[in-house]
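First up is the structure itself, then whatever we jot down about it.
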Amino acid sequence: MSEKRKPYPFDLFEPKWQSHWAENKTYRTPGPGDEGFDATKPKYYILDMFPYPSGAGLHVGHPEGYTATDIVGRYKRMNGFNVLHPMGWDAFGLPAEQYAIKTGTHPRITTEANTNNFRRQLQELGFGYDWDREINTTDPKYVRWTQWIFLQLYNSYFCDEDQKAKPVSELEAKGWTQQQIDEVRLAFIHEAPVNWSPSMGTVLANEEVQEWKDKGETVVRRPLRQWMLRITKYAQRLIDELEPLDWPESIKALQRNWIGRSEGAEVIFDVEGHDITVFTTRPDTLFGATYMVLAPEHPLVPEITTTDQKEVVETYVAACASKSDMERGLDKEKTGVATGASAINPVNGEKIPVWIADYVMMGYGSGAIMAVPAHDSRDFEFAIEFGLPIKAVVFPDHKWLKENGGHLEVEVIEDGTNRELTWTFPELVVQAEREESFQKQASAFYQDQVSNFATAYPDHGTAINSGFLEGLKTKDAKKKIIHWLGENGKGEKKIQFKLRDWLFSRQRYWGEPFPLLWDKETGQHSGVPESELPLLQPEMEDFKPTGDPRGPLINCTDWINYSDKLQRETNTMPQWAGSCWYYLRYCDPNNTEHFISPDTESYWGNDEGFVDFYVGGKEHAVLHLLYSRFWHKVLNDLGHLKSKEPFKKYFAPGLIMGEMEFAIFETQSGEIVSYKDLEEQDSRTFVMKRTGEALIKKVVGPEEVEKKGENFVLISDPSIRVRSKAEKMSKSLGNVVNPDDVVERYGADSLRLYEMFMGPLDQDKPWAMKGVEGVHRFLAKVWRLAFSEDADGGWISSGKIVAGENADLAKTTHQTIKRVEEAINSLRFNTGISAMMECSNAYTSAGEIPRDLFLTFLKLLSPFAPHLAEEINAALGGTELVSEQTWPELDESLLVESEIQLIVQVNGKLRARIMVPADISKEDAEAQALADENVTTHTDGKTVRKVIVVPGKLVNIVAN
RNA sequence: GCCGGCGUGGCGGAAUUGGUAGACGCGCGCGAUUCAAAAUCGCGUUUCUUCGGAAGUAUGGGUUCGAUUCCCAUCGCCGGUACCA
492 MSEKRKPYPF DLFEPKWQSH WAENKTYRTP GPGDEGFDAT KPKYYILDMF
542 PYPSGAGLHV GHPEGYTATD IVGRYKRMNG FNVLHPMGWD AFGLPAEQYA
592 IKTGTHPRIT TEANTNNFRR QLQELGFGYD WDREINTTDP KYVRWTQWIF
642 LQLYNSYFCD EDQKAKPVSE LEAKGWTQQQ IDEVRLAFIH EAPVNWSPSM
692 GTVLANEEVQ EWKDKGETVV RRPLRQWMLR ITKYAQRLID ELEPLDWPES
742 IKALQRNWIG RSEGAEVIFD VEGHDITVFT TRPDTLFGAT YMVLAPEHPL
792 VPEITTTDQK EVVETYVAAC ASKSDMERGL DKEKTGVATG ASAINPVNGE
842 KIPVWIADYV MMGYGSGAIM AVPAHDSRDF EFAIEFGLPI KAVVFPDHKW
892 LKENGGHLEV EVIEDGTNRE LTWTFPELVV QAEREESFQK QASAFYQDQV
942 SNFATAYPDH GTAINSGFLE GLKTKDAKKK IIHWLGENGK GEKKIQFKLR
992 DWLFSRQRYW GEPFPLLWDK ETGQHSGVPE SELPLLQPEM EDFKPTGDPR
1042 GPLINCTDWI NYSDKLQRET NTMPQWAGSC WYYLRYCDPN NTEHFISPDT
1092 ESYWGNDEGF VDFYVGGKEH AVLHLLYSRF WHKVLNDLGH LKSKEPFKKY
1142 FAPGLIMGEM EFAIFETQSG EIVSYKDLEE QDSRTFVMKR TGEALIKKVV
1192 GPEEVEKKGE NFVLISDPSI RVRSKAEKMS KSLGNVVNPD DVVERYGADS
1242 LRLYEMFMGP LDQDKPWAMK GVEGVHRFLA KVWRLAFSED ADGGWISSGK
1292 IVAGENADLA KTTHQTIKRV EEAINSLRFN TGISAMMECS NAYTSAGEIP
1342 RDLFLTFLKL LSPFAPHLAE EINAALGGTE LVSEQTWPEL DESLLVESEI
1392 QLIVQVNGKL RARIMVPADI SKEDAEAQAL ADENVTTHTD GKTVRKVIVV
1442 PGKLVNIVAN
């Protein structure tokens, strides 16, 4: 193959510099206690989410965030910071084990091969990582501390009074029994319905179910004894302490949403002699509770069910048990059966029927609700379905009534058929506007006539039909009823969270074994001595799921039998365990005494949040980022860490989508039409919007574009899309871009620069190979400023870099310093690259470039395209690496203009641009503007009413 | 449904205390160079236009001398989440 000549020899110098940096440990960052550590420098800890080293290798999505942090890291380094910028491997995980099951290759072997490939790929992109700090979650030296941290959790409980974790030894000292202590540990055994995957032979966290189902695995509900972590105790703190962090608001919202805090009340109902507690966010609607619903799994269901209903209830419960939460969610049709029991509404003594229905979940609140069909859409639907009474107790607010024109649509059910009625009550609306105390009339009006709304009215309003709450606004009614409940021992204020405890055990081989022992006689569990850590998996050849919910390790009899009396726990930890704390270990990766030493912790961490800047995908917004925060807080509570939060600042890069494809069409009649002129009928047929002429669609790849279709010709005009929507990159769509290919064709600098130039970092954006060529051309232009081609095709000095000065170029260069700095500081790298492009265009036009300015420019370029910057710098006689030089200082005086352009508007429309001295007075500016020819043509015959002068910017003349 | 985000040329996107809309790049057109092509360089490129201008940042209003930017409403797209009581 005749290799096309490269526009600049990146293929030669990029590997050269990579080796140079590696051999000289250019990016090594000494920490406290290390040789060469300079404690006087400020520090900056910038972190990428470490990858799972999959067999597929690096995806173009990886270098997006990694380049961003690399640029910021290099910039900080050049500004005198000790920059900690490490990389490592989140190397436990299911794919390696699934692969082992299939092929018999030990996961350790697969993992090592994959890690080596990832490391090579990252090094070929020129990232300035300190590879001496590389960590791997599967490394026994790392596993040791993951297990150690687990033991901290195991040996702690959450003190509600102080809202923090404390050692269980404090409880022992108080004389608590082992059993009592086990009930409060942060790591505890719990038997509950879990997501069991028969195809993988393991349980999954709620958060993981969808991901694996999408990958084709099966997941069912099944009760099992599992290790859980008591993250729910931290729910409030996880919300509160999120607030001051410098995270994108959207990510904070995602976490808050996930934790799902609701304020309300618990109300106790008497059901056939049993107290049943319900949680409600609307205790003010208690008078409107017309029935009660229990989750089918509610423990009291068998006890309260009447003999008449026993059979239907049992059938229904059994049917629900076979369905997963997911299936229940998908089934929107309301189902349920009556238990035959009734509950007594504590507020008015009314007897209401008790039903069971799968729209009530056992996992949230108490698994029981009071149903207020008039004001809750789900209860409403259920009541309609089963003909239960609906009683309105909240009168809609004024706004709602007004917006509905004084009409309130209601629906009455008679003989099982629905009939729509509309009642008007203009007099009520008028009254509502005039008087505060219209509620009485409303109440009187509704008492007899309104039994059913057309829909539930779930918003706030005024209490009606509500005894002592009558006439109160919802907010006040809530307060009053909560007070009443408390006084009467019928309930209290309650804050409820959606967050569930974290299911922490997995039935896998390739994970950290739990460092726990079980007493074979008593069944009591205990931790292994710390001195025995790390506790590694035994060597095994067969990892197949056995169907035994205790996991594959159960087959290793030698390993599980710790002693005559004690047996090992056979579960392993989920992949999250290692990633929960890895950011700490980078600070002190080889410490054998501590997971992180207090010295390194103090130096590299911040009190407000340990890591200065964390960058990684928002798909981890509610999993990894929440789990890490939880572990960090526990370690902080127990005195092992000073900071309360792991990540002070966090940023999530957008997704890189697949490339879009383009074509325009020529119809049989010879007309050229674009995709926009076409309407898609189905996946194969287009219709011309204008004429209705049908075309058969053919999705084309770039090479096919010029081939003829059946009914039309495709012409290569990339301006019109065929694959008009950006889609996620995926194997099945065949739109995956391999970074290795891009590096091969355009070089690492081009890939880095392109990913930063694509658009705002946090936005999803489609890949475009033409765009890579664009930045590649820019880099080639920079190269040709310094080098020319000789007759033999070799590169020689261009002679354009000269001694001397050039005021215009100095100004341009310093403007570029400013713009690049601003771009890096605000993470808007695309604008910084634009600035450098403009600067290099100015250099090209000038022909000759003063050496000092060009060297300055190289410094600006170096965080983005470090190889090219080093190569040119060295060629120009630079003895010091650009990476190790200091960032250029901005000379503001060069930016000052003596003459500026003023914009002159007449009635807000641009009419003239005039050059004036920069320090022109307002009066002079006004006079000059009014005198301008282009202005007078628009002001002639009009009276100038007003003139606005914005110094240095514009003059706006208002005339009519 | 609820929560969050986003709507600017043929395309990716600039314009962050309200002040020149379309920087930079892609694509496209024309020209230079070349036997020719590639590469490179130069010029042009929002739309309409009676060549004077006019319109224009999803749509409709509002505030302002002036709005892509602020406010209200509507429409559309994307992400998260969902019988969470």
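Residue numbers (my numbering): 492 to 1451. Heads up, the beta-carbon is just placed ideally off N, CA and C, and yes, glycines get one too. Because the structure is a prediction, the values reported are computed rather than measured.
| Residue from 656, 672 and 556 with nearest C-alpha to residue 616 | Taking the first residue of the first sequence as 1, we reach residue 616 at position 125. The shortest C-alpha to C-alpha distance from residue 616 to any of 656, 672 and 556 is the one to 556.
| query | DSSP puts residue 626 in a beta bridge; with which residues? | reply | The sequence position of residue 626 within the first sequence is 135, counting from 1. Answer is 579, bridged to residue 626.
| said: So, with DSSP's three-state summary, where would you put residue 681? | reply: Residue numbering aside, residue 681 sits at position 190 when the first sequence is read from its first letter. In this structure, residue 681 counts as strand in the three-state DSSP scheme.
| How would you label residue 638, buried or exposed, when you count the other beta carbons within 10 angstroms and need 16 or more for buried? | Residue 638 sits at position 147 when you count from the first residue of the first sequence. Classification of residue 638: buried, given that the 10 Å Cβ count is 16 or more.
| request: In angstroms with no decimal places, state the Cα-to-Cα distance between residue 782 and residue 678. | output: Taking the first sequence and counting its residues from 1, one reaches residue 782 at position 291. Taking the first sequence and counting its residues from 1, one reaches residue 678 at position 187. Taking the straight line joining both Cα atoms gives about 38 Å.
| field | Distance between beta carbons of residue 843 and residue 1496, contact taken as under 8 Å | value | Outside the modelled stretch of the chain, which goes from 492 to 1451, sits residue 1496, for which no answer is possible.
| task | Measure from the alpha carbon of residue 737 to the alpha carbon of each residue in 1430, 1100, 1252 and 729, then state which is nearest. | result | Here residue 737 refers to the residue found at position 246 of the first sequence. The shortest Cα separation from residue 737 among 1430, 1100, 1252 and 729 belongs to 1100.
| task | Determine the burial state of residue 1020: buried for a count of at least 16 other Cβ atoms within 10 Å of its Cβ, exposed for fewer. | result | Numbered from its first residue, the first sequence carries residue 1020 at position 529. Flag for residue 1020 reads exposed.
| said: Any contact between the region 771–790 and the region 960–977? By contact I mean 3 or more CB pairs, one from each, below 8 Å. | reply: yes
| message | Once DSSP output is grouped into helix, strand and coil, what is the label at residue 1141? | response | As a position in the first sequence, residue 1141 is number 650, starting the count at 1. In the structure shown, residue 1141 sits in a strand (DSSP, three-state: E or B).
| request: Could you name the residues of the same chain whose beta carbon sits closer than 6 Å to that of residue 1066, not counting the 5 residues immediately before and after it, in chain order? | output: Against the first sequence, residue 1066 aligns to sequence position 575. Closer than 6 Å at Cβ, skipping near neighbours: 583 and 584.
| Span separating the alpha-carbon of residue 754 from that of residue 965 | The residue labelled residue 754 in the question sits at position 263 within the first sequence. The residue labelled residue 965 in the question sits at position 474 within the first sequence. Rounded to whole angstroms, the gap between the alpha carbons of residue 754 and residue 965 is 14 Å.
| said: Tell me whether the region 1139–1152 and the region 1091–1111 touch, counting them as touching only if at least three CB pairs, one residue from each stretch, are closer than 8 Å. | reply: With a cut-off of 8 Å, the region 1091–1111 and the region 1139–1152 count as touching, because enough Cβ pairs lie within range.
| message | On the criterion of 16 or more Cβ atoms from any shown chain inside 10 Å, does residue 765 qualify as buried, or is it exposed? | response | In the first sequence, the residue the question calls residue 765 occupies position 274. When all chains shown are included, residue 765 counts as exposed.
| Which residues mark the beginning and the end of the alpha helix (DSSP H) in which residue 812 is found? | Sequence index remark: in the first sequence, residue 812 carries index 321 (1-based). Run containing residue 812: 801–812, per the alpha helix (DSSP H) assignment.
| task | Specify, as a first and last residue, the run of the alpha helix (DSSP H) that residue 636 falls within. | result | Reading the first sequence from its first residue, position 145 is the one you call residue 636. Looking at the DSSP string, the run of the alpha helix (DSSP H) that includes residue 636 is 631–645.
| field | Length of the line joining the Cα atoms of residue 647 and residue 640 | value | The residue you call residue 647 lines up with position 156 of the first sequence. The residue you call residue 640 lines up with position 149 of the first sequence. In a straight line, the C-alpha of residue 647 is about 11 Å away from that of residue 640.
| query | So what does DSSP say about residue 993, is it helix, strand or coil? | reply | Start at 1 with the first residue of the first sequence, and residue 993 comes out as number 502. Looking at residue 993 - three-state DSSP - the assignment turns out to be strand.
| said: If contact is defined by three or more beta carbon pairs under 8 Å, each pair taking one atom from either stretch, is the region 870–878 in contact with the region 990–999? | reply: Segments in contact, no.
| DSSP state of residue 1021, grouped into three classes? | Here residue 1021 corresponds to residue number 530 of the first sequence, with the count starting at 1. Correct three-state label for residue 1021: helix.
| said: For the beta strand (DSSP E) containing residue 760, name the first residue and the last one. | reply: The residue given as residue 760 occupies position 269 in the first sequence. Looking at the DSSP string, the run of the beta strand (DSSP E) that includes residue 760 is 752–762.
| field | Three-state secondary structure (DSSP) of residue 827 | value | Along the first sequence, one-based indexing puts residue 827 at 336. In this structure, residue 827 counts as strand in the three-state DSSP scheme.
| Which value, in whole angstroms, describes the spacing of the CA atoms of residue 1225 and residue 1245? | Here the question's residue 1225 lines up with position 734 in the first sequence. Here the question's residue 1245 lines up with position 754 in the first sequence. One C-alpha to the other measures close to 21 Å.
| Alpha carbon of residue 547 to alpha carbon of residue 699, nearest angstrom | The sequence position of residue 547 within the first sequence is 56, counting from 1. The sequence position of residue 699 within the first sequence is 208, counting from 1. Cα to Cα, the separation comes out at about 21 Å.
| Inter-residue CB distance, residue 1426 and residue 1395 (contact presumed, cutoff 8 Å) | Numbered from 1 along the first sequence, position 935 holds the residue referred to as residue 1426. Numbered from 1 along the first sequence, position 904 holds the residue referred to as residue 1395. Sure, about 6 Å apart at Cβ, within 8 Å.
| query | For residue 605 versus residue 587, is the C-beta distance shorter than 9 Å? | reply | In the first sequence, counting from the first residue as 1, residue 605 sits at position 114. In the first sequence, counting from the first residue as 1, residue 587 sits at position 96. Taking 9 Å as the Cβ cut-off, residue 605 and residue 587 qualify as a contacting pair.
| query | Buried or exposed: where does residue 833 fall if 16 or more other Cβ atoms within 10 Å of its Cβ makes it buried? | reply | Within the first sequence, numbered from 1, the residue matching residue 833 stands at position 342. Per the 10 Å Cβ criterion, buried.
| query | Where DSSP assigns a beta bridge to residue 648, which residues make up the other side? | reply | The sequence position of residue 648 within the first sequence is 157, counting from 1. Bridge partners of residue 648: 657 and 676.
| query | Can you give the Cα-Cα distance for residue 734 and residue 743, rounded to whole angstroms? | reply | Within the first sequence, numbered from 1, the residue matching residue 734 stands at position 243. Within the first sequence, numbered from 1, the residue matching residue 743 stands at position 252. Going from the Cα of residue 734 to the Cα of residue 743 covers about 8 Å.
| field | Segment contact flag, the region 1363–1374 with the region 1382–1392, C-beta cutoff 8 Å, min 3 pairs | value | Taking 8 Å as the limit for Cβ pairs, the verdict is that the region 1382–1392 does not touch the region 1363–1374.
| Residues near residue 867 by beta carbon distance below 7 Å, same chain, minus five either side | As a position in the first sequence, residue 867 is number 376, starting the count at 1. If we look at residue 867 and ignore the five residues flanking it on each side, its Cβ neighbours are 947 and 949.
| query | Grouping DSSP H, G and I as helix and E and B as strand, with all else coil, what is residue 1027? | reply | What you label residue 1027 is simply residue 536 of the first sequence in a count that begins at 1. Coil.
| With 16 as the cutoff for other CB atoms within 10 Å, does residue 860 come out buried or exposed? | As a position in the first sequence, residue 860 is number 369, starting the count at 1. Classified as buried, residue 860 has 16 or more neighbouring CB atoms from the shown chains inside 10 Å of its CB.
| said: I need the DSSP call for residue 1248, collapsed to helix, strand or coil. | reply: For the purposes of this step, residue 1248 is taken as residue 757 along the first sequence, with counting starting at 1. Of the three classes helix, strand and coil, the one that applies to residue 1248 here is helix, per DSSP.
| field | Distance CB(residue 1274)-CB(residue 535) smaller than 9 Å | value | Here residue 1274 refers to the residue found at position 783 of the first sequence. Here residue 535 refers to the residue found at position 44 of the first sequence. Not closer than 9 Å, so no.
| query | What are the uninterrupted segments assigned as alpha helix (DSSP H) that are 4 or more residues long and contained completely in the region 1333–1395, given in chain order? | reply | 1342–1352 and 1357–1366
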